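Chemist: If you scroll down you'll find the structure; I have some questions about it.
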Amino acid sequence: VSRRVDGALLLELFTRDGVGTLITSEPFEGLRAATIEDVGGILELIAPLEAEGILVRRSRERLEMEIDRFSVVERDGMIVACAALYPFPEGRGAELACLAVHPDYQRVGRGDALLRHVERRAAALGITRLFVLTTRTAHWFRERGFEPAAPRELSIRRRELYNYQRNSKVFVKRIAPRQAGLITTPSGSGASTA
Numbered sequence: 028v029s030r031r032v033d034g035a036l037l038l039e040l041f042t043r044d045g046v047g048t049l050i051t052s053e054p055f056e057g058l059r060a061a062t063i064e065d066v067g068g069i070l071e072l073i074a075p076l077e078a079e080g081i082l083v084r085r086s087r088e089r090l091e092m093e094i095d096r097f098s099v100v101e102r103d104g105m106i107v108a109c110a111a112l113y114p115f116p117e118g119r120g121a122e123l124a125c126l127a128v129h130p131d132y133q134r135v136g137r138g139d140a141l142l143r144h145v146e147r148r149a150a151a152l153g154i155t156r157l158f159v160l161t162t163r164t165a166h167w168f169r170e171r172g173f174e175p176a177a178p179r180e181l182s183i184r185r186r187e188l189y190n191y192q193r194n195s196k197v198f199v200k201r202i203a204p205r206q207a208g209l210i211t212t213p214s215g216s217g218a219s220t221a
């Protein structure tokens, strides 16, 4: 513990991240599929965003029913980020939804890691188009290869649920499907081992 950091001992003892070196036999942070035990942590993470109207409200019951669609980043027992993948029943598309990162843990790549994880999951399912609806973070998705799209490009079922009052912008990203350990190139000119 550094003597040059004011309050270092208190920070080390009473904060999640401390200021010293961590020695542990357990993973301190990891990205994984969500489980039913994560529902409370996800709700705690997304509640402020729901209150601001950034995310659509989800009840505990809905989240419990859809937990298999979620991935989380857990840090020392706390859910610090989450995202969900909702495949469309028709076509080869899916929606990336509920991407959230705790304010104390932003700007260090957790959102990017979740996006890559969801893209890999989608590719493994044979999905070729990943959609996102956003009211505030269009620039973030554009910087990561998403292109503007119209609500009519969503699946029929998702279009029926589209809330025009929220004025969400629709973006789409084409992804290469992954089948039997191979990733096909977007041009279809070949494949490489994944």
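Be aware that the sequence shown starts at 28, since it is given in our numbering, and climbs by one per residue. Glycine is no exception: its CB is placed at the ideal position from the N, C-alpha and C atoms. If you're wondering where the values come from, they're calculated on a predicted model, not measured in any experiment.
(1) Going by alpha carbons, who is nearest to R143 out of L72, V99, S182 and F115?
(2) So, is S86 buried or exposed, given that buried needs 16 or more other C-beta atoms within 10 angstroms?
(3) With a CB to CB cut of under 7 Å and the five nearest residues on each side skipped, what residues in its chain are close to R193?
(4) Here's a check: name, in chain order, each residue in its chain whose Cβ is nearer than 6 Å to the Cβ of R30, leaving out the five neighbours to either side.
(5) According to the neighbour-count rule (16 or more other Cβ atoms, all chains shown, within 10 Å of its Cβ), is D65 buried or exposed?
(6) Could you say if the region 127 to 134 and the region 166 to 178 meet the contact criterion of at least three C-beta pairs nearer than 8 Å?
(7) What three-state label does DSSP hand P116 in the structure shown?
(8) Assess, as a yes-or-no matter, whether the region 178 to 188 is touched by the region 91 to 106 under the definition of 3 or more beta carbon pairs within less than 8 Å.
(9) Tell me the rounded alpha-carbon separation between P204 and V32.
(10) Which ranges does the beta strand (DSSP E) cover as unbroken runs of at least 3 residues, wholly within the region 90 to 162, from first to last along the chain?
(11) Could you please give me the residues that DSSP links to V201 through a beta bridge?
(12) Identify, in the order they occur along the chain, each residue of the same chain with its Cβ nearer than 6 Å to the Cβ of L37, setting aside the five sequence neighbours on each side.
(13) Is L188 helix, strand or coil when you go by DSSP?
Modeler: According to the data block:
(1) V99
(2) exposed
(3) T162
(4) none
(5) For D65, the number of other beta carbons within 10 angstroms of its own is at least 16, and it is reported as buried.
(6) no
(7) The answer is coil: DSSP assigns P116 none of H, G, I, E or B.
(8) no
(9) 49 Å
(10) For the region 90 to 162, whole beta strand (DSSP E) runs of length 3 or above, ordered along the chain, are 97 to 102, 105 to 114, 120 to 128 and 156 to 161.
(11) With the sequence shown as reference, residue 201 is identified as Arg, and Val is not the correct amino acid for it. Per DSSP, R156.
(12) none
(13) helix
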